Structures are given as structure tokens and as C-alpha cells.
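Peer 1:
4 protein chains.
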Amino acid sequence: MCGNSIGKIFKITTFGESHGNAVGVVIDGCPPGIPLADETIDTALEKRRPSNAVFSTSRREADRGRIISGIFNGRTTGAPLTVMIENADMSPKDYEKTSEYFRPGHADFTYHHKYRGFNDPRGGGRSSGRETVCRVAAGAVARELLMNTHNQPASIDLFAHSVQIGSVKTNVFEKSAVYSSVLKCADKTAEEKMIKLIEECKAAGDSIGGMAELIITGIPAGLGEPVFDKLDARLAYAIMGIPAVKGVEIGDGFAVSGKMGSENNDQMADKSFLSNHAGGTLGGISTGQQIVMRIAVKPTPSINKTQRTVAKSGENIEINISGRHDVCIVPRIIPVIEAMAWITLADFVLADRIHNNLL
Amino acid sequence: MCGNSIGKIFKITTFGESHGNAVGVVIDGCPPGIPLADETIDTALEKRRPSNAVFSTSRREADRGRIISGIFNGRTTGAPLTVMIENADMSPKDYEKTSEYFRPGHADFTYHHKYRGFNDPRGGGRSSGRETVCRVAAGAVARELLMNTHNQPASIDLFAHSVQIGSVKTNVFEKSAVYSSVLKCADKTAEEKMIKLIEECKAAGDSIGGMAELIITGIPAGLGEPVFDKLDARLAYAIMGIPAVKGVEIGDGFAVSGKMGSENNDQMADKSFLSNHAGGTLGGISTGQQIVMRIAVKPTPSINKTQRTVAKSGENIEINISGRHDVCIVPRIIPVIEAMAWITLADFVLADRIHNNLL
Amino acid sequence: MCGNSIGKIFKITTFGESHGNAVGVVIDGCPPGIPLADETIDTALEKRRPSNAVFSTSRREADRGRIISGIFNGRTTGAPLTVMIENADMSPKDYEKTSEYFRPGHADFTYHHKYRGFNDPRGGGRSSGRETVCRVAAGAVARELLMNTHNQPASIDLFAHSVQIGSVKTNVFEKSAVYSSVLKCADKTAEEKMIKLIEECKAAGDSIGGMAELIITGIPAGLGEPVFDKLDARLAYAIMGIPAVKGVEIGDGFAVSGKMGSENNDQMADKSFLSNHAGGTLGGISTGQQIVMRIAVKPTPSINKTQRTVAKSGENIEINISGRHDVCIVPRIIPVIEAMAWITLADFVLADRIHNNLL
Amino acid sequence: MCGNSIGKIFKITTFGESHGNAVGVVIDGCPPGIPLADETIDTALEKRRPSNAVFSTSRREADRGRIISGIFNGRTTGAPLTVMIENADMSPKDYEKTSEYFRPGHADFTYHHKYRGFNDPRGGGRSSGRETVCRVAAGAVARELLMNTHNQPASIDLFAHSVQIGSVKTNVFEKSAVYSSVLKCADKTAEEKMIKLIEECKAAGDSIGGMAELIITGIPAGLGEPVFDKLDARLAYAIMGIPAVKGVEIGDGFAVSGKMGSENNDQMADKSFLSNHAGGTLGGISTGQQIVMRIAVKPTPSINKTQRTVAKSGENIEINISGRHDVCIVPRIIPVIEAMAWITLADFVLADRIHNNLL
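For the protein sequence lines, the chains are A, R, F and X, in the order given.
Each residue of the first sequence is one higher than the one before, counting from 20 in the numbering used here.
Each residue of the second sequence is one higher than the one before, counting from 20 in the numbering used here.
Each residue of the third sequence is one higher than the one before, counting from 20 in the numbering used here.
Each residue of the fourth sequence is one higher than the one before, counting from 20 in the numbering used here.
1. Could you work out which residues of chain X lie near I373(R), taking near to mean beta carbons separated by less than 8 Å?
2. Suppose only complete runs of 4+ residues qualify. What are the alpha helix (DSSP H) ranges in the region 83-165 of chain A, listed by chain order?
3. First and last residue of the alpha helix (DSSP H) that includes V197(A)?
4. Near D61(A), which residues of its chain fall below 8 Å by C-beta distance, leaving aside the five closest residues on each side in sequence?
5. Per DSSP, H180(R) forms a beta bridge with which residues?
6. Roughly how many angstroms lie between the CA atoms of N106(X) and P239(X), to the nearest whole one?
7. Taking only beta-carbon positions, decide if Q308(R) is within less than 8 Å of chain A.
8. Could you tell me which chain F residues have their CB closer than 8 Å to the CB of R327(X), listed as they occur along the chain?
9. If contact is defined by three or more beta carbon pairs under 8 Å, each pair taking one atom from either stretch, is the region 227-235 of chain A in contact with the region 264-281 of chain R?
10. Can you confirm whether the region 210-230 of chain X touches the region 353-365 of chain R when touching is taken to mean that 3 or more C-beta pairs between the two stretches lie within less than 8 Å?
11. Can you look up A360(X) in the DSSP assignment and give me helix, strand or coil?
12. Which class does C220(A) belong to by DSSP, given the choice of helix, strand or coil?
13. Which residues does DSSP list as the beta-bridge partners of N335(X)?
14. From the DSSP secondary-structure annotation, give me the bridge partner or partners of G302(X).
15. For T300(F) and C347(A), I'd like the C-alpha separation in whole angstroms.
16. Starting from T10(A), trace the beta strand (DSSP E) both ways and give me its first and last residue.
17. Per the DSSP calculation, S291(X) is bridged to which residue(s)?
18. Examine chain F for any beta-carbon lying closer than 8 Å to the beta-carbon of S199(A), and answer yes or no.
19. Starting from the Cα of P54(F), find the closest Cα among T96(F), K66(F), I87(F), G43(F) and give me that residue.
20. Taking just the CA atoms, how far does I235(R) sit from I341(A)?
21. Sort M20(X), D345(X), N335(X) by Cα distance to I322(X) and report the nearest one.
22. For the region 118-136 of chain R, list every residue whose C-beta sits within 7 Å of some C-beta in chain F, in sequence order.
23. Using CA atoms only, rank isn't needed, just tell me which of I310(A), R154(A), T319(A), G302(A) is closest to G124(R).
24. Here's a check: name, in chain order, each residue in its chain whose Cβ is nearer than 8 Å to the Cβ of N190(F), leaving out the five neighbours to either side.
25. Roughly how many angstroms lie between the CA atoms of E211(X) and P318(F), to the nearest whole one?
26. When the Cβ atoms of the region 28-44 of chain F are set against those of the region 150-169 of chain F, are three or more pairs found closer than 8 Å?
27. Measuring only between beta-carbons, confirm whether C220(X) sits less than 8 Å from chain F.
28. Where does P51(X) sit, in a helix, a strand or coil, going by DSSP?
29. Measuring straight from C-alpha to C-alpha, what distance separates F86(F) and S37(X)?
30. Quick check on the DSSP output: the beta strand (DSSP E) that includes A315(R) runs from which residue to which?
31. Going by C-alpha distance, which of L202(A), D248(A), S174(A) is nearest Q183(A)?
32. Kindly indicate which residue of A126(F), Y134(F), G307(F), L64(F) has the alpha-carbon position closest to the one of G89(R).
33. Would you mind reading off the limits of the alpha helix (DSSP H) that contains Y28(R)?
34. With D47(X) and K30(X) assumed to form a contact (beta carbons below 8 Å), what rounded beta-carbon distance in angstroms separates them?
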């Protein structure tokens, strides 16, 4: 069903497998004239690279994006923009054995079944988190587009941060802390506890889940295309499609289940809203307030503990996955969440132009 | 951006406003030969109609679906299938006043802004829950399609039920109780408390939120189209687009944030899974286990309490919405959740056929 | 494959069969604020109705379009716009017999095969020219949109006319003659011969083919979306999909096969083109010159002559189709060609706005 | 409007410019398990390469396709299949001067206007025929898919051949002659005259147009998705989008304008058709007969003759294009026509599976 494209006006198509020659993305619908350089892509990719922290994967990809079409004299041309990222630090040997069975929590079983054994199984192949590097590259382009769209109040900005790792939740929000934080956490005290917890998990050969929060600011009112392409529905679609994401909520989210209308409604005065329980959308269209979403991220499925599973040949086996794995995937998913948000917003900002300047 | 269609292979387009002449849906991609009668549609619509319970809206639509194309001799023809539902019990008078200001928690402000004042404001117009009757009609067609698809193990089934209303949560699950329950609740004891709570809210002129759970059984392994059209991502998209939904999660959902990999991974033995924390998908493809999702539903925004808001003319006002409103929208959203799930599944089941029987 | 929609930004979906209750069209993507009334649709439909000429079908449909959604206070709302046209003058009796065999030149055989006998066969069902009334209604909406798009030089206009009927070709072009002409012919002398020829065909129980020419004026440079959604490619797609069309060409068309580059190139001076052999596009993008296309229209397949064919039951039979048929379909296809051109242009004009006003 | 993809089920997206680093194509929707090697692509690309004939361009690209994703162990995996073709023999110097003005008959003017001067102008950039190498690569994949689809009567085959160059038309059809012919011509006597004509044009610094014919054999009845995605309409769309194509017709094509129904109808007996004036489709669905289309190809616009044009700076100039150009583009467009036909057929063959095996 051609599931490798997302977006209707700003449309991206990703390709490539974890241990093939390269991964990449084609962006169709990027307007001409946007300044863009390989460095812009690389700066974004840098954010997704594993930190040097002890709990991160030791796979080290240079992750240099090479723009191979759609650019001329440092600006987009309006033609399809393609970014390729070579797969350099491949250790196919590590994965040879894992190709023979279904790793619990991974997509090995479902890919094998769906593609009838023809899928590339090395390191998860197409289902690997490696594919998300393409999304980050496309997100960097979407961001540049929105930053250079001048009759747009050029002020849309967004970021995601870690609000929970295991049992540790953040209590304070200091935005500046996010950027210097190895866990992209806005609460330094909480971050220390999170790091300690992650190190304990690593020592135990285990992994740990968490939660991220996405905040979009400076968004104009009016984005969203009901009744199906609502802004919140499309963000949910884009973000639920990121590997390891198990839930999304907007505004007060699941907490609304316990609330009364008089508590939850955002009243208005002086042409603006008096609160933001809705999280920045009404009827699936942006209100102009900030958009707030939370995203549940499961623990990395690759763990250094004995697990029961089934070999492709059919017999029951016990496995123990060694290799290069993140103990907690949250900090590395954050740039992917940001990228999917930029990509989705680019689609809606461009869509919004269709009906403007008419009449 | 043409946001009124959903689905790629089994594609539906809804049209119509709350207080126009009719609402309806065109389904393109329905295969020929599926037995279908107006009664099948009507049975589904019946499930969405307000109960006679004191806390339900008193708007009484006959809600008869009339199939006006795509059917011949009681079977689908393969041509676009259109269902129209007349709007009979309109009380435009009730809504004349509400057209002059932005009702808190409704989409009045965002529609007015986006469509520059040209939208039909009566009763919310296009943003009204009235539109969801079209989705239920299309869901009934999708259900018939899947029920009549015989080299599909004709056993896909699904239902949603209320698991929380305000502070009251269900503790037991007795499936048979759902169908006879006015709140579509599987726990009779909990339901009594829920009804009491709803009646209290009604007496206070207030409304109350809740949570629904969707369970899909009998689904074959292999449905889902990575990397963007994952089954869970597409279900999230379809369900987040239902009015009043503020969050979706699959399997253990947000609880994964506090879990370790060793707890969360679903190990395997004897060619099957030993648990279902994932909720029925891995890598966005169905595992063959049951799919379990939970959906957060906000309290009805129309409340009989004084609220501050802004008139379209700009001044601050205080309003008090009387009229015909559900105190708790959960039981009426449940058939809409079911419909969106059927529609989404029909798309993926048909998509799955593309690559089968090759080679 | 959901083949009943066309357009990406201004998207129409038609539904309905020749002898069902109604036919109709849903338009998604129509901007808000366009003035529109049932009368606008009806005026367009009127152009498609059979003339009173002796050689026209005697089926008499009132063909009143009823706008049932997407309009409020006489203007479009931005919601899906639906037009329904009742099927009034049905003579299912006439068609009962023809449902039992495959009429030569009609789609009876292919529909029966493709839809495995489930298609509505009455009067051709979905394949009937009756469906084109929906296109004309949508074309009227597209035309209003373009006429009311004011930062578009509101000067796009278009018309089609008959340039050949059987062996008779036009020699002079007097535009004013087209509107008063029963055959939509710009050459009164030729038209007289054409009418005579058509009458002879009718007397012989036969039918006759012809050719139409489409001329689009006032089109801005820059419309078209290479490399696949070129303006000429999309016009060809839209027009080849009209029943009875067997060929399309643009500019010098098939005559280029015999020409040299020095003859065919359109040279430039003083910032404009010195000729228009290309027919108004280069590289699939409008040049700003007028667009000229010619369209081959086959003779009506229903003829009052003995023909050999096969019954659905399998045996060889001889038939003779009596009933209400146009002898020459060209004049009735002309408004459909115009409609498909308006619909296609609306799509490209709206698409063009996406990348304007950026930077 | 994202015009760089074509197909709905078997969807290709091309990227790259004439003088960038590479061109390429991503194919989404290719089923898993199809045997495929770089050599298969290269064999197809070889057919598109200029001949050594004196009248061909002297640009010599190695044109090796490198499959960089979607393949494992020599078979497709079901993931996006990407083919890259490096641009090796670039002579950007040749094109520096031509970037300063609008070459008559090329897309320079329209691209410059549409993309507001940001397009890559070197050698036509995105509008260059160079892009068609990507289509040929994708066509090779589509062909392999159809050849390896075994419950399809694996007998679909197709080819195109030259039927006219300038004033010289073919009179005899000897299929075996096509493959050995430098002009892909089935009439050796005619070909000699064609070559002579082309050489005369070359000597005169001029170019010459022509006509190709596409013949598809072994196609099953039932392909095509009315009412807009008719098989003939989609073939017209795919082929009119090839650079230099100015017209398409199917079956008797424009000749129907002069014919009567009794001549044009294909009567039936013994469950098959007695003639094929329709060219293999009825109502836009394949009849099972062979499909016959003719395509008008304009003369190469680059000619070695003085032409008037306008510089980007605005002044009138006279130019004379030297460089490496084909005198007649027909033989090099033929593999592109074949590729677009394979791509279109793959889409419809896969679409056809959706509704099969139901009920």
C-alpha cells in the first residue's frame, strides 16, 4: 500500500535498511528558494547521534547527509530534494546470528511473516531505528522551510524533552537545561536520578522506558484539515509511527477521563484563551496557543538477559542479546519526534496557503 | 488539503453539516458482491443513537441510511457506494444565538478563523458530532466487507467498551454485559456508580469525561504498511480524528514509561507469544494477537454553567449553554471508535491482498 | 484502486448509476467564500442537455443540481460540497433486454468481467454517459472558483467547439457562432453540412464520430507540476477518461511527426513567443499562451442496425438497438470536455498558491 | 503539488537533474520476492542509450543502475527499492552559456518562471531527458514484477516501434526487425529512408519529429479503474508526461472522427471480438485484446540554426545551439514509452488483486 511516504503537500519518502549501503529520503513539494546546505542536515543528524554516555549504543555512524538532488547554488530548486546517508559502521557479523530467530520486542516476527521471508533481516533491516535518520534529515529541511517562510510569522518553533525515565519524573521545567542535557531533560535534579537509574539498568543487562513531551510554540491559528486530517490526528499518526512509541496524548490527554466540562473547557476573554487544557487545538485546528503532546516510549527491546523465543526454523530457543544497544531510547527518539513534528507542520503550513489570498 | 477522505484502498469521504439537509458518505474501493441492505446500515446507526437515559441528548434523529449508489440486487457493485442520512430533527432556532459567539471547548473559534467566517456555524456545522453518523454508516459497510471475505479467516471482530467515567473505573470484564449496557460497560457494579456520577453532573449542569477501550480479535498477522502506514499509527490517526478524543495508547501504552525491557518484551514459545504487552503489533504490523487500545474522551464541552467567552463581534461575554446535550459522550463515541477501526482494517485487509498470490 | 476521484488539491468524487435514484459529486478542497447557487450548476447542466434537434436522444432529464452540503448563505464554506442530480426520466424497461447481452462498442463486456457480474447493467450503469452530468456540475463549481479568485488575473476562460463531424471539417472560426450553434460549431457553413450528414446517419440507423477542439485563454504562465503532473499530461488524463474519447493532442499535435525543429520551435522576442506550435505548454508548464487541444470522439456505439454479439449466457446472437440515442455525441461531450478542463485547472491554480508568497 | 510520483499501488518517485551528481528513482509498493539484479536494470538502460549512429548525441553515460535499497539475496524485499544512476559524462561548460537564455522549444522559460529562477538550469536540469533514465530503470523493475507474477497469465508483453519519421511512414510490420533496428523500426525499407532523412536533417543543422506505436499483448481482461483511472486515460497520462510527446491515441484514434458506428463497433461472436478498432479497452477497462496506441513525438528542439530568443536579462538575442543532441528523438523515447507502459500496467495488475479472491 506504499506506506513509505508521509505528507500530502510536503511529502517525504524514506528508503534504505540498517545494514545496506545507505539510507535516504526524497522530499517532494519543497518550494524553491530555501537556503540549504549539507551542514544544516548534519547539524540535525548530530542531535540524533548516540551520546558518549556509557548507556548509549557504541555504533558510531558519521551520519553525514549528502544532498544529491533538488539544490542549486545553495538553495532549493523546487525539484525533489534527496538526502543520502551512507551506512558506514556496519557490523553485519553481530547480526548474523540474530537473523536466525525472532528477537522479543522487535519486528522480526512480523516482518518475516508479512514479507514471507524476503525482508532484509540484518539488524532489523527496514524496521531498524536506523531508518529514522532519514526522518531527521527531512525534518531539518522542513524546519528550514518554515524558518524561511516570511509571510508566516517566522516564529514557529518546537522542541521535545524527557519528562519521565522509568519511575523518575521531572518536577521543574528549565528550558535552557534541555540543550545541555544528555537526556534532553529540563530538570537537572531529576536527570541525575534518571542517569543513575539507567546505569543500574545497564548493569542489570536490562533497559528502561520513558516519556517525552513535545511543545510547539508560535504556531498560527487555523492549521489543520478536518474532518480526518486534523492537526492533532496527523501529529498522532506521524509520531505513533516512530519505532518504540506506544501512546500519544494532547493537552490534558488521558487526564480528561477524570474531569468535568467546567474544569476542562478553555474559556476566553479579550480575544484569547484563559487556559490551555486542549493543548492547542480545537476541532483539530490550531488555536494559536502552544501545542503540548506527550509520547510514551517503550524500553529498548534488546536486553542482555536470557529470553525465550522461537527460531525461524521453528524450535523453541533461549537467547541473550549482546551487542551495541541504547539502554534507554528516549533521548535518541526526541530528535525524531521533533523531525516528525516539523514535517507535519510543513505540510499544514503549505496547505494553509492554498486557500489564502483567494477572494 | 482535501481532509475529508480517509483510507487508501477502502476510501471514504464524508460530507454534510449538522443542520444542513443531509449528511452522507461515499465509499470508493468497496469490492463487488458484498451483500448489503439499508437495514445493515440502520442497525449500525441505531447503536450510535442517544439512549433514552436521562443524561442523553434529546435530539431525536430517525437516522435512516439510504444507499443511493453502488448497490444492485442487494449486493455491492464495485462502484462508489453512497449513503445519505437526512437531517430531520433540526432545531436551528436553538443554535441561532450560539452562532454569535465562540462556545468554549467547541471548534467555533478555530473554524471561524480558518474558514474566515464562511463556515456554517449552526450547531457546530461541519465540526458537529453529527458528522460521525457518516463514519458509522461506512463502518457498517467495512464490517460487512470483512465478514464476507472468505479467504480471510472470517473471524476479525472488534468492540469498544467504557472503562472509565470520571473517577469510576471498571474492575471486572464481562463481555456480555457490554451489549445490554446503556454505557457500554463490562462491569455492572461500576456502571451503576458511573450512572450515578453522570446524573450528579447533569444535576450540576456539568459534564464528565471518560475512557474507552478498543479490542480487535481474530486479526491475521501481517497487517500494516511500514514505515509510516503502520497499523497502530493508522488506528491512532483514525481515532484521534474523532471529535473529543484527546489521547490513544496501544497495549501497555503509557505504562511502558515506567517499565523495563525484561518486563515489557513479549517472549515466544511454541510459535506463539507468551504475553501481549505490545497490544497486538510489532513494528507496526499485526502479530495475530488481539489488538488493545485505550482512548481518552473529554467531557462534553456544552455545559449549563456560566462561562466566559468572546462574541464574534469581539466583546467579552458570559454564556450559559442550554439545549440538548449528552452529559457524557463516551457511550456515543464507542460506535464511532468501532467504525473507524472497521474502516481502517478494511483498508489494510484489502492492501494485504495486493502482495498475496504473487510468486 | 479507488478510481472515482480526480484532482489532488481540488478533488472531485462522482457517484451514481444511469438508472439508480440519483447521481452526484462531492468536491473536497473548494476554498470558502465562493458565491454559488443551485442556478449556477443548473446553467452548466443545461449546456449538456440534449438539444431538441431530431438527431438527439429523446431522454429528457430535468437535470436540476441540488447542493446538499458545503454551502451557507450563498457561499462555499470550505467543507465538502455535494451536488445531487435525481434520475427522473428512467425507462428501465427499455434496458431490461440490453442487460442480457454485451452491446458492441459499449463497456458491457468489460464491466461484466471486471465486476464479476455484480455491476448494475441498466443502461450501462456506472459506465453510462449519465455519469458525466456530475463532472459538468463539478466543472461549474471549478469555474466559479477561478472566476472569483482575484489575485489570479481573473481572466482564465475556456471553451470547446466541434471542428469535425464525419468527413466535414470546419474552415472558418467565428467564435460567436459557437454559442448559438446546435453543434457548437464555429463555422456556420460547415455546420449545415454536418447537420445534413448527421440526419443521413440517423436515417440509416447509424451514428457518426467527430473531433472537438479545446481552447483555454488567459492562463498564467507557471501552471503544471513536473515531472509527472504536467499540465498537458493531466489534461490528457482528464479528457481521455471521458467516455467515447479515443485521442488527444496539444498544439500541433500529431502533425509534429512530420515537422523539423526549425518549423516547430516557438522562437521568442520582446519577452514573448512568436508562434504557438507547442499549444501553450513547455516542459508540461503553461507558457501563458493559449492552450489548444484536439480531442477525437468516436461514433455513438448504439446503432439501429443489426450487429453480431454474445449474450451473457454465452450464445451468439444478433441484435438491433432501438431506443433513445444521440446520433453524434460530439456536441454533448463538449461541455464535459470543458468541465474536465475547469476541474483540472482549478487543481493547478490552487496548487500554484502553495509555493507563492513564500520568501 | 508533489508531481514527481506516479502510480497508486506501484508508485515511483524520480529525482535528480541532468548535471547534478546522480539521478534516481524510489519504487514503493514492489512486492517481495521478485528476482532482481543490477544487470536487469542495466540491460534496460542499455536500450535507452544513444546509438553509435552519427545522428545521435555524443553524450556517453555509462548508465549503470545501482540498486541501493529494497533488495536482499537477489530478490526484492517489499521495502522501497531505490536505483541510483551516476551522472558521469557531464559537460557543464557546454551548458553555461545556454543557462543565460531561454532555448526555443525547451522548458527553460517555464521552469525559470515557475521556480522563480531557483531551478538548476544546466542542460535543462530537472526538465532534461536525462530524467527519463529513471523511468526506464523503474520500468525494468515493473517488467520483472509482471514476468514473475505467476497467477497472472505470465504473458503480458509490450514493445514500441517507430512508425513515422518526418514524411516517411512504415508500410510493413516485421516484428523481429524492431530489435535489430537502430531506429526501432519494423520496416527495413522505410528505415533506410528514415535514416537518409535524418542524415539530411543533421547536415542542415535541423531535427525531425516522428511517431511511435505501442503494442501491449497478453493483457488480461478487466484492468482499469473507472471512472477516472481508466486504463487508457492512465496510459495517456503516463505517456503525455514524457518529454517531447504531443499527442496520444488508442485503437483507431483520431481516425474515428470520420467513421460511422457500424464501422467502428467491434462486434462479437464465439465469446470473442471480431475486430479491434477500440485498441483493447472498452469503458476504460482492458478487453483482453491487444492494446494499440500511437504517440506523436516532436523534433528535438536543440538545432544548429540561428534562432531568435530572449535572454534571462530581458534583451532579444539570436542563438545557435551547438552541442551533443539527437537529431531525432523517437528511437530514444521508445524505451521510455515502454517503461511508462510497464509502470502503469504494474499498478493496474496489482490493483486488480485487491478485489480478487474475495467472496
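Note that CB positions come from ideal geometry on N, CA and C, so glycine has one too.
All figures in this text were calculated on a predicted structure; none of them were measured in a lab.
Peer 2: Quick look at the numbers:
1. What I373(R) touches in chain X: I28, G48, P50, L369, A370, R372, I373.
2. Residue ranges of uninterrupted alpha helix (DSSP H) with 4 or more members, entirely inside the region 83-165 of chain A and ordered along the chain, are 111-115, 127-133.
3. Secondary structure note for V197(A): its alpha helix (DSSP H) is the uninterrupted segment 194-199.
4. So the list reads D82, R83, G84, once near-sequence residues are dropped.
5. For H180(R), the beta-bridge partners assigned by DSSP are E232(R).
6. Taking the straight line joining both Cα atoms gives about 39 Å.
7. No, Q308(R) lies away from the interface with chain A (no Cβ there is under 8 Å from its Cβ).
8. Result: Q286, M287, A288, L293.
9. Taking one beta carbon from each stretch, the region 264-281 of chain R and the region 227-235 of chain A have 3 or more pairs nearer than 8 Å; the two touch.
10. With a cut-off of 8 Å on Cβ pairs, the region 353-365 of chain R is not in contact with the region 210-230 of chain X, counting fewer than three such pairs.
11. A360(X): helix per DSSP, three-state reduction.
12. The DSSP-derived three-state label of C220(A) is helix.
13. Per DSSP, the beta bridge partners of N335(X) are V329(X).
14. Looking at the DSSP assignment, G302(X) forms no beta bridge with any residue, so it has no partner.
15. Rounded to whole angstroms, T300(F) to C347(A) spans 56 Å at the Cα level.
16. Here chain A covers residues 20 to 378 and nothing more, so residue 10(A) does not appear.
17. DSSP, once it has assigned bridges, lists A288(X) as partnering S291(X).
18. For S199(A), no CB of chain F lies under 8 Å from its own CB, so it is not counted at the interface with that chain.
19. Minimum Cα distance to P54(F) is reached at T96(F).
20. According to the sequence shown, residue 341(A) is Ser rather than Ile. Cα-Cα distance, rounded: 35 Å.
21. Closest option to I322(X), Cα to Cα, is D345(X).
22. Per Cβ criterion, the list reads Y134, R135.
23. Minimum Cα distance to G124(R) is reached at G302(A).
24. Excluding residues up to 5 positions away in sequence, D206, T208, A209 lie with their Cβ nearer than 8 Å to the Cβ of N190(F) in the same chain.
25. Each residue's Cα considered, the two are about 38 Å apart.
26. Contact between the region 28-44 of chain F and the region 150-169 of chain F is present, because at least three Cβ pairs lie under 8 Å.
27. Yes - at least one Cβ of chain F is within 8 Å of the one on C220(X).
28. Residue state for P51(X) is assigned as coil, using DSSP reduced to three classes.
29. In the sequence as displayed, the identity of residue 86(F) is Ile instead of Phe. One Cα belongs to I86(F), the other to S37(X), and the distance between them is close to 49 Å.
30. Counting along the chain, the beta strand (DSSP E) containing A315(R) begins and ends at 310-316.
31. It is L202(A).
32. Comparing Cα-Cα distances from G89(R) to each of A126(F), Y134(F), G307(F), L64(F), the minimum goes to Y134(F).
33. The displayed chain sequence assigns Ile, not Tyr, to residue 28(R). From DSSP, I28(R) is part of no alpha helix (DSSP H); its letter is neither H nor E.
34. That belief holds up - the Cβ atoms of D47(X) and K30(X) are roughly 5 Å apart, short of 8 Å.
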